[in-house]
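Peer 1: Quick note on the numbering used here: the sequence shown kicks off at 2 and runs consecutively.
Handing you a structure now.
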Amino acid sequence: MSIVLAQQWHDKALIVTDTLASTLEGDSYRPRGFSTKIHTLAHMNMVFAFRGVSRLAALWEHELTEVSKCQDIEDAHEVAASRLKQRVESAARRHNLAPEKSGASFYCFGFPHGSAQLVSYAYENANEYAGERFEVSSPSDPEYEEVRFLAAPSLQTSIAPDVLLERADYIDYATRVKDEHDRGLVDEVIPIGGDLFATFVENWKIRTVLWHRFPDYDTTWEQIRRA
2 MSIVLAQQWH DKALIVTDTL ASTLEGDSYR PRGFSTKIHT LAHMNMVFAF RGVSRLAALW
62 EHELTEVSKC QDIEDAHEVA ASRLKQRVES AARRHNLAPE KSGASFYCFG FPHGSAQLVS
122 YAYENANEYA GERFEVSSPS DPEYEEVRFL AAPSLQTSIA PDVLLERADY IDYATRVKDE
182 HDRGLVDEVI PIGGDLFATF VENWKIRTVL WHRFPDYDTT WEQIRRA
């Protein structure tokens, strides 16, 4: 699993993801490596972030780009509506993934072909991958912009802000979530770590920037290398 933080405006989005990949062994996770948790599909003018088994994300990208040959995020949604749940379940069986390891969540952000209005879709294991569509209205007041904030997982032991404004706010939020899980303060512990990468999505302009490296990066890397 991992952390995904995102803010969506009417014409852009910012998605922040970590890089720690882990393997479930018994009741605990073991660091397996560092990997990218966001996939850029530049020719489709979209990205998707994911939480779950990295193999499933790679298979889903292959489905969108090589099998179904989607043009944009709306094409991707049509494919997801009919095939995503089936693809995840069949991949889990094919790769002998245990039920507790076969779930995933996908968060897509992009622009429908010919539009400058950003839309997003959330496909989560918890709701059987039924896509939920989001878009933010263009502001009527230039000084006030409506923003949608997504956090998965969310803070559980302290009050979360409604919106994150600065880079430091994202780092603080992710650090607080990581601390909750590292200390076992939540019901379902999820390993979070490595780096935080910020991906900025605008119409035909996508860039990813390293924002933060967690303090336990080196010790986690040593655990990965010894495995």
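Beta carbons are placed, not taken as given, at the ideal position from N, Cα and C, and that holds for glycine.
Roughly how many angstroms separate the alpha carbons of Leu166 and Phe35, rounded to a whole number?
Peer 2: Taking the sequence shown and counting its residues from 1, one reaches residue 166 at position 165. Taking the sequence shown and counting its residues from 1, one reaches residue 35 at position 34. Looking at the two C-alpha atoms, the distance is approximately 27 Å.
Peer 1: Measure how close the beta-carbons of Asp73 and Phe112 come, nearest whole angstrom, since I'm counting them as under 8 Å.
Peer 2: Position 72 of the sequence shown, counting from 1, holds the residue named residue 73. Position 111 of the sequence shown, counting from 1, holds the residue named residue 112. At roughly 7 Å, the Cβ-Cβ gap stays under 8 Å, so Asp73 and Phe112 are in contact.
Peer 1: Cutting at 6 Å between CB atoms, please list the residues of its own chain near His213, excluding the five before and the five after it.
Peer 2: The count along the sequence shown starts at 1 and reaches residue 213 at position 212. Cβ neighbours of His213 beyond the five flanking positions: Ile172, Leu197.
Peer 1: Nearest CA to the CA of His78: which residue from Cys109, Gln9, Arg94?
Peer 2: Counting from 1 along the sequence shown, the entry for residue 78 is found at position 77. Minimum Cα distance to His78 is reached at Cys109.
Peer 1: Looking at the structure shown, is Glu90 part of a helix, part of a strand, or coil, going by DSSP?
Peer 2: By 1-based counting over the sequence shown, the position of residue 90 is 89. Three-state DSSP puts Glu90 in a helix.
Peer 1: Could you spell out where the alpha helix (DSSP H) holding Val178 opens and where it closes?
Peer 2: Locating residue 178 in the sequence shown gives position 177, where the first residue counts as 1. Its alpha helix (DSSP H) spans residues 168–183.
Peer 1: Assign Trp222 to one of three DSSP states: helix, strand, or coil.
Peer 2: Looking up residue 222 in the sequence shown gives position 221. Of the three classes helix, strand and coil, the one that applies to Trp222 here is helix, per DSSP.
Peer 1: Who does Leu151 pair with in a DSSP beta bridge?
Peer 2: Working through the sequence shown from its first residue, we reach residue 151 at position 150. Per DSSP, Ala7.
Peer 1: Which word fits Asn46, buried or exposed, when buried means at least 16 other C-beta atoms lie within 10 angstroms of its C-beta?
Peer 2: The sequence position of residue 46 within the sequence shown is 45, counting from 1. With 16 or more Cβ atoms within 10 Å of its Cβ, Asn46 is classed as buried.
Peer 1: Specify the secondary structure class of Trp212 as computed by DSSP and reduced to three states.
Peer 2: Reading the sequence shown from its first residue, position 211 is the one you call residue 212. Here Trp212 sits in strand by DSSP.
Peer 1: Between the segment 4–22 and the segment 201–211, are three or more C-beta pairs nearer than 8 Å?
Peer 2: The segment 4–22 vs the segment 201–211: in contact.
Peer 1: Could you give the DSSP three-state label for Ile16: helix, strand or coil?
Peer 2: By one-based count along the sequence shown, residue 16 stands at place 15. It is a strand residue.
Peer 1: Could you tell me the distance, in whole angstroms, from the CA atom of Ser138 to the CA atom of Ala228?
Peer 2: Position 137 of the sequence shown, counted from the start, is the residue given in the question as residue 138. Position 227 of the sequence shown, counted from the start, is the residue given in the question as residue 228. Each residue's alpha carbon lies about 49 Å from the other.
Peer 1: Taking the straight line between their C-alpha atoms, what separation do you get for Asp19 and Val120?
Peer 2: Within the sequence shown, the letter at position 18 stands for residue 19. Within the sequence shown, the letter at position 119 stands for residue 120. Those two C-alpha atoms are separated by around 23 Å.
Peer 1: Once you ignore the five residues that flank Glu147 on each side, which residues in its own chain have a CB closer than 8 Å to its CB?
Peer 2: Position 146 of the sequence shown, counting from 1, holds the residue named residue 147. Excluding residues within five positions, the ones whose Cβ falls inside 8 Å are Trp10, His11, Val137, Ser138, Pro140.
Peer 1: Reducing DSSP to helix, strand and coil, say where Asp76 ends up.
Peer 2: Residue numbering aside, residue 76 sits at position 75 when the sequence shown is read from its first letter. Note: Asp76 maps to helix in three-state DSSP.
Peer 1: Can you tell which of Val178, Val210, His182, Asp219 has its C-alpha closest to the C-alpha of Gly195?
Peer 2: For the purposes of this step, residue 195 is identified with residue 194 of the sequence shown, where counting begins at 1. It is Asp219 whose Cα lies nearest to the Cα of Gly195.
Peer 1: Identify, in the order they occur along the chain, each residue of the same chain with its Cβ nearer than 7 Å to the Cβ of Leu57, setting aside the five sequence neighbours on each side.
Peer 2: The residue labelled residue 57 in the question sits at position 56 within the sequence shown. Around Leu57: Val89, Ala92, Ala105.
Peer 1: Quick check: the Cα distance between Leu21 and Tyr145, rounded to an integer number of angstroms?
Peer 2: Here residue 21 corresponds to residue number 20 of the sequence shown, with the count starting at 1. Here residue 145 corresponds to residue number 144 of the sequence shown, with the count starting at 1. When rounded, the distance between both Cα atoms is 36 Å.
Peer 1: Which residues does DSSP pair with Thr200 in a beta bridge?
Peer 2: Here residue 200 refers to the residue found at position 199 of the sequence shown. According to DSSP, which records beta bridges pairwise, Thr200 is partnered with Ile16, Thr209.
Peer 1: Pick out whichever of Trp222, Glu75, Pro154 has its Cα sitting closest to the Cα of Ala127.
Peer 2: Here residue 127 refers to the residue found at position 126 of the sequence shown. For Ala127, the nearest C-alpha among the options comes from Pro154.
Peer 1: Could you tell me the alpha carbon to alpha carbon distance between Asp185 and His114, rounded to whole angstroms?
Peer 2: Indexing the sequence shown from 1 puts residue 185 at position 184. Indexing the sequence shown from 1 puts residue 114 at position 113. The amino acid at residue 185 is misidentified as Asp; the sequence shows Gly. Taking the straight line from one Cα to the other gives about 44 Å.
Peer 1: Could you check if Pro162 is buried or exposed, using at least 16 other CB atoms within 10 Å of its CB as the buried criterion?
Peer 2: The residue labelled residue 162 in the question sits at position 161 within the sequence shown. It is exposed - the Cβ of Pro162 has fewer than 16 other Cβ atoms within 10 Å.
Peer 1: Where Ser116 and Phe135 are concerned, what is the direct C-alpha to C-alpha distance, given to the nearest angstrom?
Peer 2: Locating residue 116 in the sequence shown gives position 115, counting from the first residue. Locating residue 135 in the sequence shown gives position 134, counting from the first residue. Whole-angstrom Cα-Cα distance: 15 Å.
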